[in-house]
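J.: Encoded as structure tokens, here's the structure I'll be asking about.
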Amino acid sequence: MERRTVLKGLAGAAAALAAPAVHAQPAPIRVGMLTVKTGPLASGGIQMENGLRIFLNDRGMRLAGRPVVLTVSDTGGVPAQARTKTQELVERERCQVLIGPLAAFEALAIDDYIRQAGVPIISSSAAAEDLTQRQPNPWFVRPVGTSAQCMHPFAEYAAKDLGYRRMSTIADDFAYGHEQCAGFQRSFEDNGGRIVQKLWPPLAVPDYGTYISQLKTNADGAFIGFAGSNGFRFVRQFNEYGLKGRLPLLGGMTAVDESILQQMGNDAIGIVSTNWYSAEIDNPANRRFVEQMRREHRQDPGYYSAGAHISGAVLEAALEAVDGRIEDKEAFMRALRTGRVEETVRGPIRFDQYGQSIGNVYIRRVERKDGRLVNSVIKVYPEVSQFWTYDPQEFLRNPVYSRNWPPARHLEN
Amino acid sequence: MQFWLIQTLNSLALGGLLFLLSSGFSLIFGLQRIPNLAHGALFMLGAYIGTSLLAREVDFWLAAPLAGVLVGLLGVALERLVLRRLAGNEQGQVLVTLGVAFIIADLCLLVWTGDPIPVPAPEGLRRPVFLFGFAFPTYRLVVLGIAVAAAIGLFLLMERTRLGAMIRAGVDDPEMARGVGIRVSGLFTTVFCLGVALAGTAGVLGGPILSAYPGLDADMLPLALVVVILGGVGSLLGAFVGSFVVSSIYNFGTALFPDLAYVILFLPMVLALVFKPEGLFGRVRA
Chain H
1 MERRTVLKGL AGAAAALAAP AVHAQPAPIR VGMLTVKTGP LASGGIQMEN
51 GLRIFLNDRG MRLAGRPVVL TVSDTGGVPA QARTKTQELV ERERCQVLIG
101 PLAAFEALAI DDYIRQAGVP IISSSAAAED LTQRQPNPWF VRPVGTSAQC
151 MHPFAEYAAK DLGYRRMSTI ADDFAYGHEQ CAGFQRSFED NGGRIVQKLW
201 PPLAVPDYGT YISQLKTNAD GAFIGFAGSN GFRFVRQFNE YGLKGRLPLL
251 GGMTAVDESI LQQMGNDAIG IVSTNWYSAE IDNPANRRFV EQMRREHRQD
301 PGYYSAGAHI SGAVLEAALE AVDGRIEDKE AFMRALRTGR VEETVRGPIR
351 FDQYGQSIGN VYIRRVERKD GRLVNSVIKV YPEVSQFWTY DPQEFLRNPV
401 YSRNWPPARH LEN
Chain L
1 MQFWLIQTLN SLALGGLLFL LSSGFSLIFG LQRIPNLAHG ALFMLGAYIG
51 TSLLAREVDF WLAAPLAGVL VGLLGVALER LVLRRLAGNE QGQVLVTLGV
101 AFIIADLCLL VWTGDPIPVP APEGLRRPVF LFGFAFPTYR LVVLGIAVAA
151 AIGLFLLMER TRLGAMIRAG VDDPEMARGV GIRVSGLFTT VFCLGVALAG
201 TAGVLGGPIL SAYPGLDADM LPLALVVVIL GGVGSLLGAF VGSFVVSSIY
251 NFGTALFPDL AYVILFLPMV LALVFKPEGL FGRVRA
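Chains H and L are the protein sequences, given in the same order.
All residue numbers for the first sequence refer to full-length UniProt numbering, where the first residue is 1 and numbers rise by one.
All residue numbers for the second sequence refer to full-length UniProt numbering, where the first residue is 1 and numbers rise by one.
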């Protein structure tokens, strides 16, 4: 007998001896996370994993009295790979609930598999509108915002509180940028404002010089809807062209995210933005989360880590509602969708019939506080639905937000 | 009027940066007959090394060449240890450079994390200058100046030195060059080193404009490809003219026809490949 086999045998015997204790434990709940740990989206993906791990560790890796086993999968931010990894998590790892994936195009790529396999999925960052609107998936819940959910109140804030009348928009030329801008435009114009210029730089463009020099400096402000590190580069180059102070910037959900804020330095100070979260939110859950993130990762939580943390809280609430019996998929899914979750780091949330969260939307301003840059909360819009103040039926009869819808009627040349 | 002026300046500044990136790419392509697909990654590596040097309070104007030297040394190793072994197997060499590009990108992610890192412009160049009533970033004008100086330096190297003559001979006809006693394989190492060192230096010089971030490699490589295919493989003049043509097309194209940003950028490359595969000034078919 080889030594390795002997060792295995010994380990087996030891496990058998410990078996009674193991059997007293209820079977673990298997949670799968789809994230991105390689490639250009890795920064956000790693934060996602950090956010969820902090939540689970804080609960001692137990939810509703059952131990939790977390399997993290790296999709590389590639839709085809997201599909393979989802299948792997469900079929090989036998995960009972999924959290993720990071990007909307990944969520869309796995959508039909999720329906077919009937596995509950909590979307912690992918924001595409139609996932909870025109093509709702019964196994899908999203405790964070759609692309435009925060933009509706934000545009009202720009028109009413800031008194802006004429604005430009500039955003990444892909669905997330389109949807953010479209939501902003609709609500801004419904509040008496006019969008006079819309610029769409390609997603992967290293230099914004040509766009920045086209921005109308006589507008009241410019809305910037950038993802990833694009907002960071845009704001730097904007200041390089001496525009800081001449044209106020209003940021979308990820333009001045906490994860890039420290690197942005003074460039970012004064930028007003919106999100369903800010590391500055003052509630016990968030104070604890911020403290843990700073201690363990030397970083303030932002869009991705907070989204994953909130997903953990939503999972916990649903598991408690069904006494940990995740095996009853239908009941568990019902609990996920109908529960009201009081204590998430973004404040209380509940879900509409499409699985989309209704909760606080924050207006924030970048300020320096104790030597670090933070998104100070300057206004809270409570109980914001993805349909804002519009009638849901009428909202859903319109085409999905895009580059050309709603049509821009006030463009100036 | 102001629109044309400022977009012209934008084009010139971006063109300067593109030349620093693509001149080395073009030389390597011309001599070794392979597009070095790791060029964008080496540019990004240069930018990241630059951020680390600057964080250690190395002066910006020292950090740029230093990063170039380090990236150049890596280039020597890459050429000697990997590409050399695949001599004659051009397809294999191209695939290797692609693999190296991915490896470098992931190592950068590991070392410098996924967060974008700003590169401050040198002291004194951070404020915009005011020209004809509009503001333009001073540093971008300086990059343009550096690019022109580099172009002159490279031109003198290629046209007035023995090394330059050998490189030109190697580009035109490697077999004949060998025949007259030029050690072409030694030239390969020299040019590869020089070319990627330029990319590394350009990474730092581009830093204050572009920053260092994951994905910078993939953003820059296509631009270098377009420049070189348009300008002509292996031709310095081609890389120079190509850089400014591409940056002008990019700037004016995206400003005038914003919906067609990518079409405008890549259409000239497609046309060049179909109708004039040797490019504007090239002597070798791409």
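No residue lacks a Cβ here, since even glycine has one placed at the ideal position from N, Cα and C.
#1: So for valine 171 of chain L, helix, strand or coil by DSSP?
#2: Are there 16 or more other CB atoms within 10 angstroms of the CB of tryptophan 4 of chain L, so buried, or fewer, so exposed?
#3: If contacts are defined as beta-carbon pairs under 8 angstroms, then glutamine 356 of chain H and arginine 142 of chain H qualify, I think. What distance do you get, rounded to the angstrom?
#4: Distance check for valine 191 of chain L and glycine 50 of chain L, CA to CA, integer angstroms please.
#5: Whose Cβ in chain H lies nearer than 7 angstroms to the Cβ of tyrosine 48 of chain L?
#6: Between which two residues does the alpha helix (DSSP H) harbouring aspartate 190 of chain H extend?
#7: Pull up the CB-CB distance for aspartate 172 of chain H and asparagine 239 of chain H, whole angstroms please, since I reckon it's below 8 angstroms.
#8: Taking C-alpha atoms, which residue in H:Asp161, H:Pro202, H:Arg368 lies nearest to alanine 175 of chain H?
#9: What does glutamine 81 of chain H reach in chain L if we use C-beta pairs closer than 7 angstroms?
#10: Express the C-alpha separation of asparagine 137 of chain H and glutamine 386 of chain H in angstroms, rounding to a whole number.
#11: Taking all protein chains shown into account, do 16 or more other C-beta atoms lie within 10 angstroms of the C-beta of glycine 24 of chain L, making it buried, or fewer, making it exposed?
#12: Quick one: is arginine 365 of chain H near chain L, going by C-beta distance under 8 angstroms?
#13: Contact between the segment 117-136 of chain H and the segment 359-370 of chain H: three or more CB pairs below 8 angstroms?
#14: With a threshold of 6 angstroms on Cβ separation, who are the neighbours of valine 184 of chain L within its own chain once the five nearest residues in sequence on each side are excluded?
#15: Hey, which unbroken runs of the alpha helix (DSSP H) at 4 residues or more fall wholly within the segment 126-195 of chain L?
#16: So, with DSSP's three-state summary, where would you put leucine 199 of chain H?
#17: For a cutoff of 8 angstroms on Cβ pairs, would you count proline 128 of chain L as touching chain H?
#18: If we ignore side chains and look at the alpha-carbon of each, how far apart do isoleucine 103 of chain L and valine 322 of chain H end up?
#19: So asparagine 275 of chain H is in the beta strand (DSSP E); what residue range does that whole segment cover?
#20: Where do the ends of the beta strand (DSSP E) carrying tyrosine 241 of chain H lie?
#21: Looking at C-beta atoms only, is the number of pairs between the segment 54-74 of chain L and the segment 84-99 of chain L that lie closer than 8 angstroms three or more?
#22: With distance defined between alpha-carbon atoms, name the residue in H:Arg92, H:Val144, H:Asn275, H:Ala155 nearest to alanine 104 of chain H.
#23: Based on Cα-Cα distance, which residue from H:Gln299, H:Ser43, H:Leu70 lies nearest to alanine 279 of chain H?
#24: DSSP on alanine 212 of chain L, reduced to helix/strand/coil?
#25: At a CB distance below 9 angstroms, what residues from the segment 167-201 of chain L approach chain H? Give them in sequence order.
#26: Is the CB-CB distance between leucine 250 of chain H and valine 272 of chain H below 8 angstroms?
#27: From proline 301 of chain H to proline 348 of chain H, what does the alpha carbon distance come to, in whole angstroms?
#28: Flag glycine 192 of chain H as yes when its Cβ comes closer than 7 angstroms to any non-hydrogen atom of the ligand GTP, and as no otherwise.
#29: Tell me, which residues are paired with methionine 33 of chain H by DSSP?
#30: At what residues does the alpha helix (DSSP H) containing isoleucine 28 of chain L begin and finish?
#31: Report the partner residues of alanine 222 of chain H according to the DSSP bridge assignment.
#32: With three or more beta-carbon pairs closer than 8 angstroms as the criterion, would you say the segment 186-194 of chain H touches the segment 304-317 of chain H?
#33: When you compare only the Cα positions, how much space is there between proline 128 of chain L and tyrosine 139 of chain L?
#34: Does the segment 197-216 of chain H come within contact of the segment 246-261 of chain L, defined as at least 3 CB pairs closer than 8 angstroms?
T.: So, to answer that:
#1: Here the question's residue 171 of chain L lines up with position 171 in the second sequence. Residue state, collapsed to three classes: helix.
#2: Looking up residue 4 of chain L in the second sequence gives position 4. Result: exposed.
#3: Translated into positions along the first sequence, residue 356 of chain H becomes position 356. Translated into positions along the first sequence, residue 142 of chain H becomes position 142. The Cβ separation is near 5 angstroms, so the contact holds.
#4: Taking the second sequence and counting its residues from 1, one reaches residue 50 of chain L at position 50. Taking the second sequence and counting its residues from 1, one reaches residue 191 of chain L at position 191. Distance between the alpha carbons of glycine 50 of chain L and valine 191 of chain L is about 22 angstroms.
#5: Within the second sequence, residue 48 of chain L is the residue found at index 48, counting from 1. Per Cβ cutoff of 7 angstroms: no residues; tyrosine 48 of chain L is ~13 angstroms from chain H at best.
#6: The residue labelled residue 190 of chain H in the question sits at position 190 within the first sequence. Note, aspartate 190 of chain H: alpha helix (DSSP H), 175-190.
#7: In the first sequence, the residue the question calls residue 172 of chain H occupies position 172. In the first sequence, the residue the question calls residue 239 of chain H occupies position 239. Going by Cβ atoms, the distance from aspartate 172 of chain H to asparagine 239 of chain H rounds to 19 angstroms, so no, they are not a contact pair.
#8: Numbered from its first residue, the first sequence carries residue 175 of chain H at position 175. It is H:Pro202.
#9: Here residue 81 of chain H corresponds to residue number 81 of the first sequence, with the count starting at 1. Ordered by position in chain L, no residue passes the 7 angstroms Cβ test against glutamine 81 of chain H, which lies about 14 angstroms from the chain.
#10: Against the first sequence, residue 386 of chain H aligns to sequence position 386. Against the first sequence, residue 137 of chain H aligns to sequence position 137. Each residue's alpha carbon lies about 16 angstroms from the other.
#11: Residue mapping note: residue 24 of chain L aligns to position 24 of the second sequence, counting from 1. Glycine 24 of chain L should be labelled buried.
#12: Here residue 365 of chain H corresponds to residue number 365 of the first sequence, with the count starting at 1. It does not; no Cβ of chain L falls within 8 angstroms.
#13: no
#14: As a working note, residue 184 of chain L is residue 184 in the second sequence. Once the five neighbours on either side are set aside, the close Cβ partners of valine 184 of chain L are Gly170, Pro174, Ala177, Arg178.
#15: 138-160, 162-172, 174-179
#16: Position 199 of the first sequence, counting from 1, holds the residue named residue 199 of chain H. Looking at leucine 199 of chain H - three-state DSSP - the assignment turns out to be strand.
#17: The residue you call residue 128 of chain L lines up with position 128 of the second sequence. For proline 128 of chain L, the answer is yes, since a Cβ of chain H falls inside 8 angstroms of its Cβ.
#18: What you label residue 103 of chain L is simply residue 103 of the second sequence in a count that begins at 1. What you label residue 322 of chain H is simply residue 322 of the first sequence in a count that begins at 1. Going by the C-alpha atoms only, they are around 46 angstroms apart.
#19: Position 275 of the first sequence, counting from 1, holds the residue named residue 275 of chain H. 272-275 is the extent of the beta strand (DSSP E) around asparagine 275 of chain H.
#20: Indexing the first sequence from 1 puts residue 241 of chain H at position 241. Taken as a continuous stretch (DSSP letters only), tyrosine 241 of chain H belongs to no beta strand (DSSP E), as it is neither H nor E.
#21: no
#22: On the first sequence, position 104 is the one that residue 104 of chain H refers to. Closest option to alanine 104 of chain H, Cα to Cα, is H:Val144.
#23: On the first sequence, residue 279 of chain H is found 279 positions in, with the first residue counted as 1. Checking every option, the nearest Cα to that of alanine 279 of chain H belongs to H:Gln299.
#24: As a working note, residue 212 of chain L is residue 212 in the second sequence. Three-state DSSP puts alanine 212 of chain L in a strand.
#25: none
#26: Counting from one through the first sequence, the residue named residue 250 of chain H turns up at place 250. Counting from one through the first sequence, the residue named residue 272 of chain H turns up at place 272. Cβ distance < 8 angstroms, so leucine 250 of chain H and valine 272 of chain H count as in contact.
#27: In the first sequence, residue 301 of chain H corresponds to position 301, counting from 1. In the first sequence, residue 348 of chain H corresponds to position 348, counting from 1. If I take the Cα positions, the gap works out to 18 angstroms.
#28: In terms of ligand content, the structure shown is empty, and the ligand GTP therefore cannot be addressed.
#29: Counting from 1 along the first sequence, the entry for residue 33 of chain H is found at position 33. H:Val72, H:Ile99.
#30: On the second sequence, position 28 is the one that residue 28 of chain L refers to. Looking at the DSSP string, the run of the alpha helix (DSSP H) that includes isoleucine 28 of chain L is 2-32.
#31: Sequence index remark: in the first sequence, residue 222 of chain H carries index 222 (1-based). Paired residues: H:Ser168, H:Leu249.
#32: no
#33: Translated into the one-based positions of the second sequence, residue 128 of chain L becomes position 128. Translated into the one-based positions of the second sequence, residue 139 of chain L becomes position 139. So the two alpha carbons sit approximately 8 angstroms from each other.
#34: yes
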